[in-house]
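Participant:
2 protein chains.
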Amino acid sequence: MTTESHGNRLDPHLARYAQRTHSMTASEIRSLFAVASRPEVVSLAGGMPNIAALSMDVVSRSVTEMLAKRGQVALQYGSGNGDPRLREQICDIVALQGITTHPDDVVVTVGSQMALDLVTRIFCDPGDVIVAEAPSYVGALGVFRAYQVGVEHVAMDEHGLEPTALRERLETLAAQGRTPKFVYTIPTFHNPAGLSQPQQRRAEILQICQSAGVLVIEDDPYGLLGFEGSIPEAIRAHDSDGVIYLGSFSKTFAAGLRVGWAVAPHGVREKLTLAAEAAVLCPPAYSQLTISTYLETQPWMDQVKTFREVYRERRDAALESLAQFMPAGTTWTRPDGGFYVWVTLPDGIDATSMLPRAVTARVAYVPGTAFYIDGQGRQNLRISYCFPTPDAIREGVRRLGGVLEEELELLNTFGTTAGPAGSAPTDQAAAPGPQTL
Amino acid sequence: MTTESHGNRLDPHLARYAQRTHSMTASEIRSLFAVASRPEVVSLAGGMPNIAALSMDVVSRSVTEMLAKRGQVALQYGSGNGDPRLREQICDIVALQGITTHPDDVVVTVGSQMALDLVTRIFCDPGDVIVAEAPSYVGALGVFRAYQVGVEHVAMDEHGLEPTALRERLETLAAQGRTPKFVYTIPTFHNPAGLSQPQQRRAEILQICQSAGVLVIEDDPYGLLGFEGSIPEAIRAHDSDGVIYLGSFSKTFAAGLRVGWAVAPHGVREKLTLAAEAAVLCPPAYSQLTISTYLETQPWMDQVKTFREVYRERRDAALESLAQFMPAGTTWTRPDGGFYVWVTLPDGIDATSMLPRAVTARVAYVPGTAFYIDGQGRQNLRISYCFPTPDAIREGVRRLGGVLEEELELLNTFGTTAGPAGSAPTDQAAAPGPQTL
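Residue numbers (the working numbering), protein chains in the order written: chain A, -5 to 431; chain Y, -5 to 431.
1. Of all the CB atoms in chain A, is at least one closer than 9 Å to the CB of residue 425 of chain Y?
2. Tell me which residues of the region 55 to 72 of chain A have at least one Cβ-Cβ distance to chain Y shorter than 9 Å, keeping chain order.
3. What number of angstroms, rounded off, separates the C-alpha of residue 30 of chain A from the C-alpha of residue 72 of chain Y?
4. Measure from the alpha carbon of residue 433 of chain A to the alpha carbon of each residue in A:128, A:209, A:215 and A:398, then state which is nearest.
5. Check this for me: beta carbons of residue 83 of chain A and residue 289 of chain A, under 9 Å apart or not?
6. Determine the chain A residues that contact residue 42 of chain Y at a beta-carbon separation under 7 Å, and present them in chain order.
7. Going along the chain, which unbroken runs of the alpha helix (DSSP H) with 4 or more residues stay wholly within the region 167 to 222 of chain A?
8. With a threshold of 16 other CB atoms inside 10 Å of the CB of residue 417 of chain Y, please say whether the residue is buried or exposed.
9. Starting from residue 6 of chain Y, find everything on chain A with Cβ-Cβ shorter than 8 Å and list it in chain order.
10. Rounded to a whole number of angstroms, what is the C-alpha to C-alpha distance between residue 27 of chain A and residue 212 of chain Y?
11. List the residues of chain Y that residue 144 of chain A touches, going by C-beta distances under 8 Å, in chain order.
12. Helix, strand or coil, according to DSSP, for residue 227 of chain Y in the structure here?
13. Tell me which residues of the region 113 to 131 of chain A have at least one Cβ-Cβ distance to chain Y shorter than 8 Å, keeping chain order.
14. Does residue 181 of chain A pass the burial test, meaning 16 or more other C-beta atoms within 10 Å, or should it be called exposed?
15. Mapping DSSP to helix, strand and coil, what is residue 133 of chain A?
16. Kindly indicate if chain A contains any beta-carbon less than 9 Å away from that of residue 216 of chain Y.
17. Under a Cβ-count criterion, where at least 16 other Cβ atoms within 10 Å of its own Cβ denotes burial, should residue 194 of chain A be classed as buried or exposed?
18. If we require 3 or more residues per run, which beta strand (DSSP E) segments fall completely within the region 276 to 346 of chain A?
19. Kindly list, in the order they appear in chain A, the residues whose Cβ is closer than 9 Å to that of residue 104 of chain Y.
20. Compute the Euclidean distance between the alpha carbons of residue 13 of chain A and residue 144 of chain A, then round it to the nearest angstrom.
21. Going by DSSP, what residues sit across from residue 147 of chain A in a beta bridge?
22. Checking 9 Å against the spacing of the C-beta atoms, do residue 45 of chain Y and residue 218 of chain Y come in under that value?
23. Within the 9 Å Cβ cut-off, does residue 296 of chain A reach chain Y?
24. If you follow the alpha helix (DSSP H) that residue 377 of chain A is in, where does it begin and where does it stop?
25. What residue from A:185, A:161, A:229 and A:168 has the CA that sits closest to residue 192 of chain A's CA?
26. Using beta-carbon positions only, say whether residue 255 of chain Y and residue 103 of chain Y come within less than 9 Å of one another.
27. Go to residue 362 of chain A, then tell me how far its alpha helix (DSSP H) extends in each direction, as first and last residue.
28. Do the region 309 to 320 of chain A and the region 52 to 65 of chain A touch if we need at least three Cβ pairs shorter than 8 Å?
29. With three or more C-beta pairs closer than 8 Å as the rule, is the region 323 to 342 of chain Y touching the region 364 to 383 of chain Y?
30. Measuring alpha carbon to alpha carbon, tell me which of A:148, A:334, A:251 and A:281 ends up nearest residue 160 of chain A.
31. Taking the beta strand (DSSP E) that residue 256 of chain Y falls in, what are its first and last residues?
32. Closest by CA to residue 273 of chain A, which one among Y:404, Y:260, Y:43 and Y:252?
33. Quick one: list the residues of chain Y neighbouring residue 45 of chain A, beta-carbon separation under 7 Å, in chain order.
34. Residues in the same chain with beta-carbon distance under 7 Å from residue 329 of chain Y, minus the five sequence neighbours each way, listed in chain order, please.
35. Where do the ends of the alpha helix (DSSP H) carrying residue 464 of chain A lie?
36. For residue 170 of chain Y, count the other beta carbons within 10 Å of its own beta carbon; 16 or more makes it buried, fewer makes it exposed. Which is it?
Right, here's the structure in full:
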């Protein structure tokens, strides 16, 4: 039973809601994740950063110094587009990915989720269409759905968003008289696919979008968290007018401060700022100035290197145990950075209907269907290796392997798995919960 | 020249924007406020809380203790509806205003501005209508405009929103087949009017809305900041199903943490949470836990009493100097709490066109037009006494008196004031800036 049908019976305000509200539904898998948060369950579901790798003393010293020096500013209302000093520092950070910009073109937001919300708010009317990779970030799909925007999925290959498929989709849409408001892409350490676009691929995608006159929204929360040493160049590095770049401190510092940003062309950032002021007046100065002081007084790039090592060790544990425990016919991606491995199950296995049995076996994941708008992904699941210890990851993958072996046995014996398809939970583009980030 | 017409010529993305974006315009008076932020100008414009009255040591101790005890939670993603412990504490706070509720029915937001945005998002389609006092909070008008919602202003008398006018307006709308999605009201220490509804008035307004089947949105950022000792009872105290109550820590603790809340009926708070997750994933745990620890470990009600004294002293300075310096024919409200005095100028004086001359005379205010959707308020201005020192307030009001005397002299001599009406800046429901909170 979904919250929506629940509401139909019990909520006396139902007739009052806006049309967009009827598309906001709670995910059925949430109740499963409530069970999955029990300590005996290994959760490979959540995309929570590994905050334990950050020294609490360093954070404490940063905020104490910040309050002593800039407390009156930190506790007060600030600019709708963010603290000027932090916007300068963001310019220095994005320069690491080849982006040249000016602090005036940076809009600080309450996490990059809010940047996504504002971009969609200023560009998209109900019924508009955007293009996104398949699979795509569940939180972005939740935003598009909340604004009643249609999503056209374009396939990925092992190098990410596939240029030929993108060109053809844009041409088909153009032939229908429909121009997408933007192409939404995560080129680096993709959530959930665990893939990165090589530079040549980025150039092709940009050229296709430029030719079609379509904006690119480049979502890049993991760009600095690569395991191979070099930092990939952003698409935004090659086009300052046609690309809106979204970044975040959630994975390089701490998610609980909720500080992200957009780098946007001049006219767009004015609209983003006006929309931000209507939405929240201003982002929290308290969080922004804490981060600004931390960046100024601490060796923050060393901390990023620590995070990389933490995640690399966990990525290795995930890949090794997948090789050890997955049954034949299972494939998965090999991420060079970020938080996620994308798993494709053997034919006939349904990751969505299998989830309750996995949770019973004390392992949780996010079924692939969460990352598509259209019901694709039943044969996929996402494994997050960011948060558990390497040993817990190995144990979780071992349990998952056991569940899969049982599923395959049922399939071979009865020609179907245990779950009746009709009652299987689905999570198609439901609102993002903290468990499915 | 507005930003909008500016954008028409220079912004290559103009054709891509959503319809709602064309109603998001920057206020022309913003550039004046940039001048007004020079130190020699006394600003009676901004609604910034007087943070200097809060001990920075107390804040610093609270955050240090919080990081030591709950740092791993503070730096991590949290629930979309806010920290469970803080929601319990909010229940205790709203109980001071007679509200009985449960932590599950509290949704923590990024300032109460975000609560306003989410309420409008879940209830209002483009073209819907809501009812609001005249004048009304500029930030609320900015939200309604951003969602393309029509605002029907209902007049106030000396006791706030006028019941007969409200009933008649609801009847007129009903006769047109239009049911407002809600009545938006600030019953206590109104921004900008400086008035409060007596209990009997609140009961009448609630009864009218209940009879008409219309929700009440009760916006209450100043409820604990009264100067007369007793805390007014909220409208929400008398109806838990028909009233959504909005509160904030911005004025009782610090605005820079951006923590507000909604208390909402069961079905509505589920929708608010889903909308919040799409908008920002979750409010900042870092801010929430700082406040939670502060409330738990510090005598926070003593701090509220300190704030009351700070604002009472400034209210007195404002009222005394208005009596001393305003020319005959000027009237103003006498607030028993909150931040604002609403001034009505002598016939023939236009507060909007006078503003540039006031800034030249080194005093700033917000013209009345900012607080109406429809161009009313030219004969009004809002004075904020919250932030300057009492001496600065007196000096600012003295300068304002001088400007008014000059305006009256021009009016008496030439039959008009100096400003050509055609080029007068307007600020009708433009996006709220920090200066016009």
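Even for Gly, the Cβ is constructed at its ideal location relative to N, Cα and C. Note that the coordinates shown come from a computational prediction; the quantities given were computed from them, not determined experimentally.
Facilitator: Taking the geometry as given:
1. What you label residue 425 of chain Y is simply residue 431 of the second sequence in a count that begins at 1. Annotation note: pLDDT 45 at residue 425 of chain Y (below 50); position unreliable, no value reported.
2. 57, 58, 61, 62, 65, 66, 67, 68, 69, 70, 71 and 72
3. As a first step, residue 30 of chain A must be located in the first sequence, where it is residue number 36. As a first step, residue 72 of chain Y must be located in the second sequence, where it is residue number 78. When rounded, the distance between both Cα atoms is 16 Å.
4. Residue coverage of chain A in this structure runs from -5 to 431, which leaves residue 433 of chain A outside it and unanswerable.
5. Translated into the one-based positions of the first sequence, residue 83 of chain A becomes position 89. Translated into the one-based positions of the first sequence, residue 289 of chain A becomes position 295. It is a contact, given that the beta carbons lie within the stated cut-off.
6. Along the second sequence, one-based indexing puts residue 42 of chain Y at 48. For residue 42 of chain Y, the C-beta contacts it makes with chain A under 7 Å involve 70 and 71, in order along the chain.
7. 193 to 206
8. The count along the second sequence starts at 1 and reaches residue 417 of chain Y at position 423. Summary for residue 417 of chain Y: the model assigns pLDDT 43, below 50, so the residue's position carries little reliability, and this model does not support an answer.
9. Translated into the one-based positions of the second sequence, residue 6 of chain Y becomes position 12. By Cβ distance, chain A contributes 235, 259 and 261.
10. Residue mapping note: residue 27 of chain A aligns to position 33 of the first sequence, counting from 1. Residue mapping note: residue 212 of chain Y aligns to position 218 of the second sequence, counting from 1. When rounded, the distance between both Cα atoms is 35 Å.
11. Residue 144 of chain A sits at position 150 when you count from the first residue of the first sequence. The premise fails here: residue 144 of chain A is roughly 14 Å from chain Y at the closest Cβ pair, so nothing lies under 8 Å.
12. Locating residue 227 of chain Y in the second sequence gives position 233, counting from the first residue. Residue state, collapsed to three classes: coil.
13. Hits within the stretch, in order: 115, 116, 117, 118, 119 and 122.
14. In the first sequence, the residue the question calls residue 181 of chain A occupies position 187. It counts as buried.
15. Sequence index remark: in the first sequence, residue 133 of chain A carries index 139 (1-based). DSSP places residue 133 of chain A in helix when its eight states are reduced to three.
16. As a position in the second sequence, residue 216 of chain Y is number 222, starting the count at 1. It does not; no Cβ of chain A falls within 9 Å.
17. For the purposes of this step, residue 194 of chain A is taken as the residue at position 200 of the first sequence. So residue 194 of chain A counts as exposed.
18. Counting only unbroken stretches of 3 or more residues, the beta strand (DSSP E) elements lying wholly within the region 276 to 346 of chain A are 334 to 338, in sequence order.
19. The count along the second sequence starts at 1 and reaches residue 104 of chain Y at position 110. By Cβ distance, chain A contributes 104, 108, 252, 273, 274, 275, 277 and 278.
20. To locate residue 13 of chain A, count along the first sequence from 1; it is residue 19. To locate residue 144 of chain A, count along the first sequence from 1; it is residue 150. Taking the straight line from one Cα to the other gives about 15 Å.
21. Residue numbering aside, residue 147 of chain A sits at position 153 when the first sequence is read from its first letter. Per DSSP, A:126.
22. Position 51 of the second sequence, counted from the first residue, corresponds to residue 45 of chain Y. Position 224 of the second sequence, counted from the first residue, corresponds to residue 218 of chain Y. No, they are not a contact pair.
23. Sequence index remark: in the first sequence, residue 296 of chain A carries index 302 (1-based). Answer no: the Cβ-Cβ gap between residue 296 of chain A and chain Y never drops below 9 Å.
24. Looking up residue 377 of chain A in the first sequence gives position 383. Here residue 377 of chain A belongs to no alpha helix (DSSP H); instead the beta strand (DSSP E) covers 374 to 378.
25. Locating residue 192 of chain A in the first sequence gives position 198, where the first residue counts as 1. Considering only alpha carbons, the answer is A:229.
26. Counting from one through the second sequence, the residue named residue 255 of chain Y turns up at place 261. Counting from one through the second sequence, the residue named residue 103 of chain Y turns up at place 109. Against a cut-off of 9 Å, the Cβ pair of residue 103 of chain Y and residue 255 of chain Y comes out as a contact.
27. Reading the first sequence from its first residue, position 368 is the one you call residue 362 of chain A. Per DSSP, residue 362 of chain A belongs to no alpha helix (DSSP H) and is neither H nor E.
28. Result no; under three Cβ-Cβ pairs closer than 8 Å.
29. yes
30. Here residue 160 of chain A is taken as the residue at index 166 of the first sequence, counted from 1. Closest option to residue 160 of chain A, Cα to Cα, is A:148.
31. As a working note, residue 256 of chain Y is residue 262 in the second sequence. Taken as a continuous stretch (DSSP letters only), the beta strand (DSSP E) holding residue 256 of chain Y covers 254 to 257.
32. Counting from one through the first sequence, the residue named residue 273 of chain A turns up at place 279. Nearest of Y:404, Y:260, Y:43 and Y:252 to residue 273 of chain A, Cα basis: Y:252.
33. Along the first sequence, one-based indexing puts residue 45 of chain A at 51. Per Cβ cutoff of 7 Å: 66, 69 and 70.
34. Translated into the one-based positions of the second sequence, residue 329 of chain Y becomes position 335. These residues qualify, in order along the chain: 183, 188, 309 and 335.
35. Here chain A covers residues -5 to 431 and nothing more, so residue 464 of chain A does not appear.
36. As a first step, residue 170 of chain Y is located in the second sequence; it is residue number 176 there, counting from the start. Classification of residue 170 of chain Y: exposed, given that the 10 Å Cβ count is below 16.
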